[in-house]
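Data first, discussion second: the structure below is written as structure tokens.
Residue numbers (the numbering used here): 21 to 327.
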């Protein structure tokens, strides 16, 4: 079962706010690739996985929001393959009530991001949201896999600030996006400290050296079982992220450094995030030849390799 826990859909970049739109376009010009977050692109990309979470977006700080009404039909038509994470800005009036109604509205998780929403995780308003999420058994996804706009509060994005949250709500599942980059060590320290704190590969899978370092640290700290698979779509695709994870040892060629065990990589890609996070019922697995071949112990041929 391959579950992508971080994907997004929008119609226009401006829905995310003008600052993020500018940052994404700048990143796209450097990579010569414009992220395509349309429903059609999402559907095509997620055929490489069994299920995915579509994550909403809302930030009063950045004056951006993706209408949840546009995302719900995608979930309803997915035959159980798409789960919805509601974007909740804790600084917005009525945030706790949005969490209370989530299960009733068919929502499977909550998304927040201290940096792009501009709040300290221990702020009373944020703690109220975390409290309601725990009471309703809703996992909280944290982070943004795209480029950070200038107005983002990077000081609030430090993973160690979530330690108080994890202590206060020990039954709450927290998923820190992309190893909490650029603060991966803090993220892994939290994973080692709290049983219900996880991280995922969204965003970082597109940066191979950073991914390799994060996986090495996680293995050495004994927390690799808390790494979930994510692509960070549309900034990457599930297929490319899977290939990047399985190909991470190629960076160690001509080196005596220890490799990441292929079995560990496969466990990350095929981790059952639906059960771990309590998202809902499992869809039927898809028949996918490509991920199985990547998971084998044979030599890996990356895209673009000579024949």
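Every residue gets a Cβ at the ideal spot worked out from N, C-alpha and C, and that includes glycine.
- Judged by DSSP in its simplified three-state form, residue 104 adopts strand.
- According to the DSSP assignment, residue 73 belongs to the beta strand (DSSP E) that extends over 71-75.
- Close CB contacts of residue 228 within its chain, under the 8 angstroms cut and outside five residues either way in sequence, are with 264, 267, 268, 271 (chain order).
- The C-beta distance from residue 129 to residue 158 rounds to 6 angstroms, short enough to fall under 8 angstroms.
- Taking the Cα of residue 161 as reference, the smallest distance to any Cα among 256, 180, 300, 74 is reached at 74.
- Taking C-beta separations shorter than 6 angstroms and ignoring five residues to either side along the sequence, the partners of residue 255 in its chain run 55, 165, 166, following chain order.
- Residue 220 has 248 as its beta-bridge partners, per DSSP.
- Between residue 107 and residue 78, the C-beta gap is smaller than 7 angstroms, which places the two residues in contact.
- The three-state secondary structure of residue 78, taken from DSSP, is strand.
- Taking C-beta atoms as the reference points, residue 95 and residue 102 count as a pair closer than 7 angstroms.
- Using a C-beta cut-off of 8 angstroms, the segment 31-42 makes contact with the segment 167-177, since at least three inter-stretch Cβ pairs fall below that distance.
- Residue nearest to residue 153 within the set 127, 58, 177 is 127 (criterion: CA-CA distance).
- For the pair residue 25 and residue 248, the CB atoms are nearer than the 7 angstroms cut-off.
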